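Quick notes on the structure that follows.
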Amino acid sequence: MRVPVLLPLFLLACTDYNLTRPSEVEAQDPDPEEEDTAAPPGDDPEIQVTPSAVDFGNVLKDCDGQPVDVTITNKGKGKLKVRDIALSGDAASKFEETGDPVELALNEEYTFKVKFSPTAYVSYDVSLDIQSNDADEETTTVPVVGTGTSGGIYEESFEQTYNEDPIDVLWVLDNSGSMDESLKRLNDQLDIFINAFLTLGLDYHIGVVTTDMDNASQSGKLQGTPTYLTNSTANAVALFQQRASVGSGGSGDEKGLAAAEAALTDPLASGTNAGFLRTDSTISIIVLSDENDSSSRTAKSFSTWLEGLRADPDMTSFNAIVGDSGLGCTDGDIWSGDFIEAMGGDVYIDAATYTGGFFASICTPDFSTIVANMARSSAGMKSTFELTETPSDVSRIEVFVDGRTVQSDGLDGYTYEAAENTISFHGTAFPEGGSIIEVEYPVDEGCN
0 MRVPVLLPLF
10 LLACTDYNLT
20 RPSEVEAQDP
30 DPEEEDTAAP
40 PGDDPEIQVT
50 PSAVDFGNVL
60 KDCDGQPVDV
70 TITNKGKGKL
80 KVRDIALSGD
90 AASKFEETGD
100 PVELALNEEY
110 TFKVKFSPTA
120 YVSYDVSLDI
130 QSNDADEETT
140 TVPVVGTGTS
150 GGIYEESFEQ
160 TYNEDPIDVL
170 WVLDNSGSMD
180 ESLKRLNDQL
190 DIFINAFLTL
200 GLDYHIGVVT
210 TDMDNASQSG
220 KLQGTPTYLT
230 NSTANAVALF
240 QQRASVGSGG
250 SGDEKGLAAA
260 EAALTDPLAS
270 GTNAGFLRTD
280 STISIIVLSD
290 ENDSSSRTAK
300 SFSTWLEGLR
310 ADPDMTSFNA
320 IVGDSGLGCT
330 DGDIWSGDFI
340 EAMGGDVYID
350 AATYTGGFFA
360 SICTPDFSTI
370 VANMARSSAG
380 MKSTFELTET
390 PSDVSRIEVF
400 VDGRTVQSDG
410 LDGYTYEAAE
420 NTISFHGTAF
430 PEGGSIIEVE
440 YPVDEGCN
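Residues 0 to 447 in numbering that gives the first Met the number 0 are what the sequence shown lists, from first letter to last.
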């Protein structure tokens, strides 16, 4: 009988166990360092330009801006060949680059400068074009911009004052055949003139002569009785209107300057016109005419004579309501009779300019503003003010009267006269007495 043999059976339970080799365990760092993911440089050249855009910002006109460095770098293994560096665009002449052709190895750099010199108050934009053998971009374009600007803002102010001295005003009225409508428009507004003087409390004399130097009863002689009005004259407005109604039957050879000179010098000054012109007075002459002057004196000669009547030339002024300079002007309906046609009154306008007086167009439909401004000018108020500095950009001039903005307008605003560096007021913009005029404008501060 065979006896069975019993063999012990061992059951081994399997558990999770890391069977990785020790060398592999060490390779699995729980906190591995971040690997460099940048692609290795290729075998071809690769251009890089910094900065990618150039902005010079604001640079004073006619000055040089701070140069900007531009750097070209080769980021590829192949040799980078920069063939050309140039500026393109309409304003390229306002910029300059100092770059030259160059060859660059891997990571080699080349730096050059870009410069900007504006010549106007505008913004410029051009392109900086860099040509190379980079297969991806044979031309690399860098935008370049800059703006020409002025320096700081200059501010100055003026006060509109008037002369409190006695004032003698001589009106010289054209009484030729074409003056009916102009004289009517003036007459309708003469109360404004008288009332302006009364409001200011002025001690005034007002007299009227004509431009007719052929008629012995005129020829510089003050018209009417009494020959002149004063601040104590009763019914002054009505009497002024009577004297201004000189008619239209006078000489067609108008000589306003000669008539004014005759009225203010002997023998008339101490004879027929005695008492009108005082030794301590401010003198204002106002001419109304639709023709140019035909006196023998020039405007400059007459102005010199007029200013010589007083030790202080500022105590004299000549003012003109005449045709526009050059070709003259027209206004109204020729068929209805309210028509004005005037030749250029250039001699009168020049005399007004020389003496710091006021000019207004005789073709203005409504004389109310003109008469008011003539009263102001006669009282020594100024329509023109000379600036201390020269504006570098006239489009940025700002003018204020008593805090209110005045627009640039040759009819009812201000104009800037570059030749004289002055601000002149026109029409309803003429500042009243006591007004504060403020002017702000940019000025060049000079290049650093």
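No residue lacks a Cβ here, since even glycine has one placed at the ideal position from N, Cα and C.
On a predicted model such as this, the values are computed, not experimentally measured, just so you know.
CB contact flag (residue i, residue j, <8 Å)
| i | j | result |
| --- | --- | --- |
| SER382 | SER423 | yes |
| ASP63 | LYS112 | no |
| ALA428 | TYR440 | no |
| THR118 | ASP61 | yes |
| GLN159 | MET380 | yes |
| THR387 | GLU155 | yes |
| GLY56 | GLY145 | yes |
| GLN217 | THR229 | no |
| ASP432 | LEU199 | According to the sequence provided, residue 432 is Gly. The question's Asp does not apply to it. Yes, Cβ-Cβ distance for GLY432 and LEU199 is below 8 Å. |
| GLY325 | ASN291 | no |
| PHE157 | PHE399 | no |
| VAL171 | VAL286 | yes |
| SER116 | ASP443 | no |
| THR354 | GLU306 | yes |
| ILE71 | TYR123 | no |
| ALA378 | LEU185 | no |
| VAL236 | GLN222 | no |
| THR140 | GLN130 | no |
| ASP289 | MET342 | yes |
| LEU256 | ARG296 | yes |
| PRO364 | ASP401 | no |
| ALA104 | LYS78 | yes |
| SER247 | GLY327 | no |
| SER463 | GLY356 | The requested residue 463 is not part of the displayed model; the chain covers only 0 to 447. |
| ASP279 | GLY249 | no |
| GLU107 | ASN73 | yes |
For residue i, the residue or residues it bridges with in DSSP
| i | result |
| --- | --- |
| GLU108 | THR72 |
| ILE145 | Residue identity check: residue 145 is Gly in the sequence provided, not Ile. TYR123. |
| PRO441 | ILE152 |
| ILE46 | ASN73 |
| HIS204 | ASP167 and THR229 |
| TYR415 | ILE422 |
| SER250 | Partner(s): none; SER250 has no beta bridge. |
| PHE384 | ILE422 |
| THR209 | LEU172 |
| ILE435 | GLU158 |
| GLN217 | DSSP output for GLN217 lists no bridge partner at all. |
| GLN222 | Looking at the DSSP assignment, GLN222 forms no beta bridge with any residue, so it has no partner. |
| SER391 | Answer by DSSP bridge pairing: none, since SER391 is not bridged. |
Residue interval of the beta strand (DSSP E) (run including residue i)
| i | result |
| --- | --- |
| SER156 | 152 to 158 |
| GLU137 | Premise fails: GLU137 is in no beta strand (DSSP E) and is neither H nor E. |
| ASN57 | 53 to 59 |
| ARG395 | No beta strand (DSSP E) contains ARG395, which DSSP labels as neither H nor E. |
| CYS328 | 328 to 330 |
| SER360 | 358 to 360 |
| GLU340 | 339 to 341 |
| ALA404 | For clarity, residue 404 is Thr in the given sequence; the question names Ala instead. First-last of the beta strand (DSSP E) with THR404: 403 to 405. |
Cβ separation of residue i and residue j, assumed to be a contact under 8 Å, to the nearest whole Å
| i | j | result |
| --- | --- | --- |
| VAL245 | ASN174 | 4 Å |
| GLY147 | VAL121 | 6 Å |
| ALA350 | SER302 | 5 Å |
| PHE192 | ALA374 | 5 Å |
| ASP164 | HIS204 | Going by Cβ atoms, the distance from ASP164 to HIS204 rounds to 12 Å, so no, they are not a contact pair. |
| PHE366 | GLN188 | 5 Å |
| GLY75 | GLU45 | 3 Å |
| SER369 | GLU180 | Correcting the residue type first, residue 369 is Ile in the shown sequence and not Ser. With a Cβ gap of about 14 Å, ILE369 and GLU180 do not count as contacting. |
| ASP213 | ASP252 | 7 Å |
| ALA258 | GLY219 | 5 Å |
| ASN262 | LEU169 | The amino acid occupying residue 262 in the given sequence is Ala; Asn does not appear at that position. Indeed they touch by this definition, with Cβ atoms about 6 Å apart. |
CB contact below 8 Å: residue i versus chain C
| i | result |
| --- | --- |
| ALA341 | Given the protein chain composition of this structure (a single chain), no chain C is represented. |
First and last residue of the uninterrupted alpha helix (DSSP H) at residue i
| i | result |
| --- | --- |
| ASP345 | 345 to 354 |
| SER367 | 367 to 377 |
| PHE239 | 235 to 243 |
Residue i CB to nearest heavy atom of the ligand MG below 7 Å
| i | result |
| --- | --- |
| ALA195 | Among the components of this structure there are no ligands whatsoever, and the ligand MG is therefore not found. |
- prompt: Can you list, in chain order, the stretches of the beta strand (DSSP E) that have 3 or more residues and sit fully within the region 260 to 326?
  reply: 281 to 287 and 315 to 321
Segments of 3+ residues assigned as beta strand (DSSP E) that fall wholly inside the region 166 to 197: 166 to 172
query: Which residue spans inside the region 78 to 127 form an unbroken alpha helix (DSSP H) run of at least 4?
result: none
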